[in-house]
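Just so it is clear: in the sequence shown, position 434 is 433 by numbering that gives the first Met the number 0, and no numbers are missing.
Cβ atoms here follow ideal geometry from the backbone N, Cα and C, with glycine treated the same way.
Only a predicted model underlies this, so the values are computations on that prediction, with no experimental measurement involved.
The block underneath contains the structure these notes are about, expressed in structure tokens.
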Amino acid sequence: MNLKDYQTKVLNRLSDYLESLAKNRDAAREFESFQRARGATPPPIAYCATTWSELASRDLIPKLGATHPTWIPRVNGIQQEVPNICIKVPTGGGKTLLGCHAVGRIGEIFLGRQTGLVVWVVPSDAILRQTYSRLSDRRHPYRMALDAYSGGRTIILKKGDAFTSIDVADNLCVLVIMLQSTVRENDDLLRVFRDSGGYSSFFPAVDDEPGNQAFRQAVLNADILNNLNGSGHFPGTIVRHSLANVLRLLRPVFVIDEGHRAYSELAHQTLMNLNPSFVLELTATPNSNEHKSNILVDVSGTDLKQENMIKLPINILNVDGDDWRATVKRSLVLLDKLSLDAESERKNTGSYVRPILLVRVEATGRDKKDGKRIHSEDVRDYLQKKLRVSPEKVRVKTADINELGDEDLMSPESQVQIVITKDALREGWDCAFAYILTVLSNTTSSRTLTQMVGRILRQPGGELFSTRSLNESYVLSMNQDVKEAVIAVRDGLSNDGMIELGSYVRMISTSSADSVSISSNTKNFPAAINLPVVGRLNGKGLWEEFSPEAHILPLLDWDNIHFRKIAEFDPPQSASETDVSISISKTGSQATAVSVKSNSDTEIPLLGSSLAASVAYLVSTVPNVWQATRILRSAESALVGRGFSSQVVSGARAALVEAIRRDVAEQIQDQSRRIFLSLVKSKEVQLISKTHSGKQIKIPSSFEILKSESDTAVAQRDGSALKKNVYQRIYHSMLNGFELEVVRALDKSKAVNWWYRVPVFGDWSLTGWRDARIFPDFLVSLKKQSGNEEFLVLETKGSHLAGNEDTKYKSELISALFGSSHDEGVYKNWKAAIVMDNNWQADLQALLAP
């Protein structure tokens, strides 16, 4: 499964962090070892805080206001600093997929291994079942990401499943547990802290007093047995054979799904007492109480929208009257329309989608059918008996009834179109075919909409359909104040980490006071203009929309891609360090740990990562298994040629593969850039006005926004109205401070005929050699002394972004695309530029000059 551009950026930022973290950790350990050799006892070095400060100085940490937040330290149960970071991803953004890929990066870069234990913590039983099921499915992208890291040696576990020390040594073991399982209110009532026969290989025998003492010395916070039957303490020390003690011993990576729910004081203490080596939080809304999160990456709703990950706008429709049947009937009419649109889409493009309606009722269960509240069976009866909906199309999903079972709702074989529920779909349920949420209630419930609006947001396949209705989502309510309903949905977006998308909640109502239609200014509106897209001339002499994957990757010279930095790469003599060493012996087929040794300076060599696992990891960057194998084998042969033993090279394979991946990614980007620019020069890639399929993009004649009462129309500083906007008005919420000043300057300039503020989530974008699309800020029509009209595509950026890679890429791309005539001269009078805010007045004036 190809990652989206923002997902790749998240993982690259994680890699940057992990590389700095590993470097600072190693430096701290070297210093501590040096001091101990001198007889000194140095204080621990806060390498996590040092790493955070380094990234902040490089502006790689999201700012909190005007400054970067300071590092918030965590200490585990044996008083060691724990790296703990948060990846903030909105609902529908692929948190779990990112978590699976992140596990590989953490293991490869920071821990130097491809085996070990990962504890995946979820907040509810519903999410636990879903996560466990998907991680167990070898065909699912989640499991495929884990297998790519482990070389197919992945074991998925749930609480109660037995596993051995050999399992952990030879495989990547992922234990999925629920948060409440580790919240320690009464140890003996919680199975994670109880004795168990399923983990004997990690513990010395009960009568092995030296072994138990060694274990307790290695794991200072281990639980021990005492007070058996009120007889007082056992003689000596006997370690409790519990899962909790196994976790403390192994110091696993913890992945916290919905991380904001993991930090009550009790949950925080319990989690840290299990001695994690690394904590990764995944959440849409990071915690804001005393246990705040260290946010490494903040993915916005804008990122999801640009990648076509979510259905927007959200259309709100209220059905007047107290009869819930009218609302259900209206919902079914909408569902039928979407189903017809879906069938047309399938015939025209081959894309399959089956829109699903979610109906939220007031009561479920036989004992709750009181004739007063809207019950799930009432709705089912009305759908089947009055509206003649086939029984196989309707399912009920409640806490007691689960008629969905394990059915794949996105399969063409499924017939489900309507799901009736109360609270069972608030979390742990995910189907991208869900399009309509109908809320049957006599009052607008902000909480209900907040929890359920995310169920209908995810876009099937992460791609736009040619039928516009299939790119939007719908919320229906009965007898509501539509304004309150919109506010509730906007709150839902905010709680799902997408507050900036609040303006894309649209009311379908004649009394929508907050819904504002932005109509065209007839005097200025350029109805005839086709906005340019990047096209590629195919072998049939026809133009099609350019795609880096389809039009660049096949042209790469893979045979000339190799690991260029082999002379600089020195494989570590030991690939990982650990605080605990377990010596294992076998009696027959039974593996048992006979001794446990603790030494913070002990280095345990990494078992050589398999070639298959390493190649699988490289394939995410080099999408050809043979080329990935060639590059890796060539690098390893070169290291052996430099005098390193095969054992050392094999042990260092994890570090080598990550170094190769980064170097090769740079080469691919360099080649892709050269190929793209060459195609532009030969005019095989050009700006075109439409593709051979007839696709074209125009400036929309109108669109709707949702504005607050305080949001006013933009005017000049003296209060005079704007005159050259292609629309009748534009609001302050549609511009940032710099863009506002640019708008006023454009409107005053005598060189400007009209200007168009490109909607942030519009259809127009430009594509280059990277997967990232460019969404321009403005299109400006200019008067020329020759009498001809010229067009300026304008991008605005803050000066603090002047030197970053994104700005450099955009600058070079638009320079190439607009630097020559295109599409038989249609865009010969078009130019493009980026204006920075440090000298923008002079730069803009030069661009506007006749």
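| Asked | Found |
| --- | --- |
| Cβ of S798 within 8 Å of Cβ of N735? | no |
| May I ask you to verify whether the segment 770–781 touches the segment 746–753, counting CB pairs closer than 8 Å and requiring at least 3? | yes |
| State the CB to CB distance for the pair L357 and T420, rounded to an integer number of angstroms; the pair is presumed to be in contact (CB under 8 Å). | 7 Å |
| Roughly how many whole angstroms lie between the Cα atoms of A161 and D297? | 37 Å |
| Which residues does DSSP list as the beta-bridge partners of I223? | V238 |
| Out of K564, N520, F702 and R629, point me to the one whose CA is closest to A720's CA. | N520 |
| Taking all protein chains shown into account, decide if G115 is buried (16 or more other Cβ within 10 angstroms of its Cβ) or exposed. | buried |
| Contact check, M171 vs Q113 under 8 Å by CB: the rounded distance? | Correcting the residue type first, residue 171 is Leu in the shown sequence and not Met. About 7 Å; that satisfies the 8 Å criterion. |
| Cutting at 6 Å between CB atoms, please list the residues of its own chain near D399, excluding the five before and the five after it. | G364 |
| Examine the Cβ distances between the segment 206–213 and the segment 152–168 and report whether three or more of them are shorter than 8 Å. | no |
| The alpha helix (DSSP H) with N11 in it runs from where to where? | D4 to A36 |
| Please work out which residues of its chain come closer than 7 Å, Cβ to Cβ, to L219, disregarding the five sequence neighbours upstream and downstream, and give them in chain order. | I77 |
| According to the Cβ coordinates, are I696 and W763 closer than 8 Å? | yes |
| What does the alpha-carbon distance come out to for the pair A634 and T282? | 38 Å |
| Can you tell me the Cα-Cα spacing of K336 and R756, whole angstroms? | 33 Å |
| Under 7 Å Cβ to Cβ from K809, same chain only, skipping five residues before and after it: list those, please. | I773, E794 and I833 |
| Distance, Cα to Cα, Q54 vs Y16? | The residue you asked about is not Gln; residue 54 is Leu in the sequence shown. Their backbone Cα atoms lie some 7 Å apart in a straight line. |
| Where I729 and F524 are concerned, what is the direct C-alpha to C-alpha distance, given to the nearest angstrom? | 14 Å |
| Which residues in the same chain have their Cβ closer than 8 Å to the Cβ of R37, if we skip the five residues on either side of it in sequence? | none |
| Once DSSP output is grouped into helix, strand and coil, what is the label at I154? | strand |
| Taking Cβ positions, are E80 and C47 nearer each other than 8 Å? | yes |
| Can the beta-carbon of L382 be found closer than 8 Å to that of R394? | no |
| Flag this pair as touching only if the segment 682–699 and the segment 25–43 have three or more C-beta atom pairs under 8 Å; answer yes or no. | no |
| In the segment 643–668, which residue ranges form an unbroken alpha helix (DSSP H) of at least 4 residues, counting only runs that do not cross its ends? | 645–650 |
| According to DSSP, is W839 part of a helix, a strand, or is it coil? | helix |
| Among D124, D302, Q305 and R743, whose alpha-carbon lies nearest the alpha-carbon of Q844? | R743 |
| Measure from the alpha carbon of V120 to the alpha carbon of each residue in L174, V825 and Q216, then state which is nearest. | L174 |
| Look at the alpha carbon of R641 and the alpha carbon of S276, and state the distance between them as a whole number of angstroms. | 34 Å |
| Is it true that the segment 97–107 meets the segment 453–471, where meeting means three or more beta-carbon pairs spaced less than 8 Å apart? | no |
| How many angstroms separate the CA atom of E544 from the CA atom of F675? | 14 Å |
| In chain order, what residues of the same chain lie with their CB nearer than 6 Å to the CB of R12, ignoring the 5 residues before and after it? | V296 |
| With the cut-off set at 8 Å, would you say V656 and I560 are in Cβ contact? | no |
| Report the partner residues of R250 according to the DSSP bridge assignment. | The partner list for R250 (beta bridge, DSSP) is empty, contrary to what the question assumes. |
| Taking only beta-carbon positions, decide if S700 is within less than 8 Å of chain C. | As a matter of chain content, chain C is missing from the structure shown, which is built from one protein chain. |
| Taking the runs of the alpha helix (DSSP H) that are 4 residues or longer, which of them lie wholly in the segment 364–420? | 375–380 |
| Looking at C-beta atoms only, is the number of pairs between the segment 314–327 and the segment 337–349 that lie closer than 8 Å three or more? | no |
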